[in-house]
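Only one structure is covered here, and it is reproduced in the block below.
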Amino acid sequence: MNKINANTLERACMNAEIITIGTELLLGQIVDTNAAWLAQRLAALGVNLYYKTTVGDNRERIANAIRLAMQRADVVLTTGGLGPTVDDMTREAIADATGRLLVRDPELVAHITALFRRWGREPSANNLRQADVPEGAQVLPNPIGTAPGLLVEHDGRYVIAMPGVPREMKRMMDEQVAPFLRRLVGEDVVIKIRVLHTVGVGESLIDEQIADLEEGANPTVGLAAHSGQVDVRITARAPNEKQADVMIAQVERVIRKRLGDAIYGADDETLEGVVAQALARFGRGVVIESNTRGEIAARLRAVAPEVVQAAEVVQPEAVSCAEAERWAQDAREAHGAAWALVVLGTAGANEGLYGEQRGETVVALALGEQVHCKALGLGGADEHSLSWVRNRALDVVRRTLLMASP
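All letters in the sequence shown, in the order written, are residues 1 to 406 by UniProt numbering.
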């Protein structure tokens with residue numbers, strides 16, 4: 001594959017596909033962390049990823065998955081199935097998918113034999129299966145394990161097989177596969193990613209407001225929702241970092257104009273970090289919680305220990321703005337604090353459209369003599385519901401502080 005230069009960047013973007021191999025993955029006996037990690041690495045390298053496949057330890061199905069992947073990707077990355085046991089079938093499947101014979105590599109035989117003799121043993125016939133490679137394959141040494149990786153070029157496509165053991169796979173990817181992919185993509189290509197964090201606005205509404213931007217090819221714009229927050233990811237490809245930054249800045253300005261104060265931060269900024277920084281402008285304060293179980297105070301203290309001078313978890317007799325406002329003012333005065341945050345709520349009954357727990361939460365913030373309160377139609381005792389409540393409560397504080405001055 002020829003080196004990509006800036007003039008052919010749009011036309012020559014590389015596509016990859018990940019295939020993770022192992023029946024234990026299909027059965028849910030282990031979590032597939034390899035695919036997630038590889039996806040992040042590919043994004044950083046500027047390689048598109050459109051498909052991820054998981055397949056069990058079956059030679060025919062693995063070969064079929066590889067054949068299909070080669071039809072739609074320039075590079076196919078596999079993990080797993082390179083061990084010494086009879087159900088490790090990736091070597092054979094790659095040979096089948098590319099129409100090659102398996103041949104025994106004498107250098108690998110010597111390497112495996114030397115390893116076992118250092119351990120005071122002789123390799124078994126199964127151990128030596130790891131020296132079998134598809135004819136013409138490039139062997140990727142494994143410095144911390146016995147299973148070597150493989151790189152096979154076939155009809156202008158590449159199949160790269162790596163071990164399933166995460167630490168072995170990661171080292172092979174970083175030291176051997178990533179440099180190879182950089183050469184394919186082109187050394188003069190820079191990938192920059194900017195993530196804008198929003199809260200309090202639904203994914204569908206954000207999608208409506210920036211739908212035209214999501215159709216762009218470079219930069220690309222994508223959404224990811226989680227617990228009342230939506231991340232807007234901007235990814236730019238350019239010949240250099242400066243040009244990538246300019247491309248991102250142009251799109252970011254449009255997004256910020258459309259979404260306004262729904263955006264609370266970017267990249268490594270967190271909601272609790274932004275709120276803690278805003279509260280610190282007023283001084284130290286008090287946090288009183290019921291249904292959020294002290295987690296809001298804990299999150300604020302984790303990023304700014306000095307901002308919360310006292311915290312308490314309570315069991316209120318009633319949940320209302322009037323009650324929360326009274327608690328907030330009393331707590332601020334009792335502690336001589338600059339501010340007091342009160343979050344009171346109930347779990348409620350199973351009343352949601354999909355049977356989820358619904359309840360009520362009120363958030364009150366006392367700033368000096370002023371008290372602000374907002375009722376949220378959120379509750380629940382499960383962790384998913386509480387995560388929503390905590391994020392929405394912090395957003396109420398953030399938006400209140402945007403309109404206040406110390």
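Glycine included, every Cβ here is placed at the ideal spot set by N, Cα and C. Bear in mind the structure is a predicted one, so any value in this text is a computation, not a measurement.
Inset, instruction - Could you tell me which of P148, V308, A238 sits nearest to A162, measuring between CA atoms? - result: Note on identity: in this sequence residue 162 is Met, with Ala being the wrong assignment. Residue P148 is the option with its Cα nearest to M162.
Inset, instruction - Give the DSSP-derived three-state secondary structure of Q329 in the structure shown. - result: Looking at Q329 - three-state DSSP - the assignment turns out to be helix.
Legend entry - 8 Å Cβ shell around C321 - same chain, five flanking residues per side excluded: Taking C-beta separations shorter than 8 Å and ignoring five residues to either side along the sequence, the partners of C321 in its chain run V362, A364, C373, K374, A375, following chain order.
Legend entry - 7 Å Cβ cutoff met for M70 and V185: Contact: no.
Legend entry - Per-residue DSSP class, three states only, for I21: The answer is strand: DSSP assigns I21 an E or B state.
Inset, instruction - Taking R91 and L82 to be in contact with their CB atoms under 8 Å, please state how far apart those CB atoms are, rounded to whole angstroms. - result: In this structure R91 touches L82 by the C-beta definition: roughly 7 Å separates them, less than 8 Å.
Inset, instruction - List the DSSP bridge partners of V371. - result: According to DSSP, which records beta bridges pairwise, V371 is partnered with A366.
Legend entry - Supposed close pair R171, P141 - CB separation, criterion 8 Å: Not confirmed; about 10 Å, so no contact.
Legend entry - Identified DSSP bridge partners for D231: Beta-bridge annotation (DSSP): D231 is paired with H197, A224.
Legend entry - Selected residue, minimal CA-CA separation from A318, among R194, G345, L205: Among R194, G345, L205, the Cα nearest to that of A318 is on G345.
Legend entry - Any 3 or more C-beta pairs closer than 8 Å across the region 272–291 and the region 330–343: At 8 Å Cβ cutoff, the stretches touch.
Legend entry - Sequence-distant residues of its chain with Cβ nearer than 6 Å to A225 (five each side left out): Contacts found: E203.
Inset, instruction - Could you name each continuous alpha helix (DSSP H) segment of 4 residues or more that falls completely within the region 109–167, going from the start of the chain to the end? - result: Taken in chain order, the complete alpha helix (DSSP H) segments of 4 or more residues contained in the region 109–167 are 125–128.
Inset, instruction - Let me know if G164 comes out buried or exposed under the rule of 16 or more other beta-carbons within 10 Å of its beta-carbon. - result: G164 should be labelled buried.
Legend entry - Proximity of V199 and T292 at Cβ, strictly below 7 Å: At a Cβ-Cβ threshold of 7 Å, V199 and T292 do not count as neighbours.
Inset, instruction - Starting from the C-beta of R392, find all residues in its chain whose C-beta is less than 7 Å away, skip the five residues before and the five after it, and write them out in chain order. - result: Excluding residues within five positions, the ones whose Cβ falls inside 7 Å are G200, G228, L376, L378.
Legend entry - Assumed close pair L45, I191 - CB separation to whole angstroms, cut-off 8 Å: Correct: roughly 7 Å between the Cβ atoms.
Legend entry - For A340, the three-state DSSP class (helix, strand or coil): Strand, per DSSP.
Inset, instruction - Look at the alpha carbon of E323 and the alpha carbon of A297, and state the distance between them as a whole number of angstroms. - result: Going from the Cα of E323 to the Cα of A297 covers about 20 Å.
Legend entry - Whole-number beta carbon distance between E325 and V371, since they are thought to touch under 8 Å: Their Cβ separation, rounded to whole angstroms, is 5 Å, which keeps V371 and E325 in contact under 8 Å.
Inset, instruction - Provide the residue span of the beta strand (DSSP E) that contains L77, from first to last. - result: L77 -> beta strand (DSSP E) spans 75–79.
Inset, instruction - For D245, collect the residues of the same chain with a Cβ closer than 7 Å to its Cβ; drop the 5 residues on either side in sequence, then sort them by chain order. - result: Closer than 7 Å at the Cβ level, and outside the excluded window around D245, lie K192.
Legend entry - Straight-line Cα distance separating E295 from Y264: In a straight line, the C-alpha of Y264 is about 20 Å away from that of E295.
Legend entry - Identified DSSP bridge partners for A345: A small fix is needed here, since residue 345 is Gly in this sequence, not Ala. Beta-bridge annotation (DSSP): G345 is paired with T361.
Inset, instruction - State the beta-bridge partners of A236 as determined by DSSP. - result: Paired residues: K192.
Legend entry - Length of the line joining the Cα atoms of R253 and A238: For R253 and A238, the distance between alpha carbons rounds to 19 Å.
Inset, instruction - Determine, using beta carbons only, whether V75 and D105 come nearer to each other than 7 Å. - result: No, the Cβ-Cβ distance between V75 and D105 is not below 7 Å.
Inset, instruction - With DSSP collapsed to three states, give me the class of R100. - result: Under the three-state reduction of DSSP, R100 is assigned to coil, being neither helix nor strand.
Legend entry - Same chain, Cβ closer than 6 Å to residue 416, neighbours up to 5 away in sequence not counted: No information on residue 416 is available, as it lies outside the stretch 1 to 406 that the chain covers here.
Inset, instruction - Identify, in the order they occur along the chain, each residue of the same chain with its Cβ nearer than 7 Å to the Cβ of E135, setting aside the five sequence neighbours on each side. - result: Closer than 7 Å at the Cβ level, and outside the excluded window around E135, lie R100, L101, V103.
Legend entry - Closest by C-alpha distance to T85, when choosing among R399, E333, T20, D57: T85 has its Cα closest to that of D57, out of R399, E333, T20, D57.
Inset, instruction - Give me whichever residues DSSP pairs with residue 426 in a beta bridge. - result: With the chain covering 1 to 406 only, the question about residue 426 has no answer from this structure.
Legend entry - Residue nearest to T20 in terms of C-alpha spacing, selected from A35, G28, L27, V31: Checked all of A35, G28, L27, V31; the closest Cα to T20 is A35.
Inset, instruction - Return helix, strand or coil for M403, following the three-state DSSP convention. - result: M403: coil per DSSP, three-state reduction.
Inset, instruction - Identify whether G260 lies in helix, strand or coil by the three-state DSSP scheme. - result: Three-state result, G260: helix.
Inset, instruction - Return the bridge partner residues of N48 from the DSSP annotation. - result: DSSP, once it has assigned bridges, lists N15 as partnering N48.
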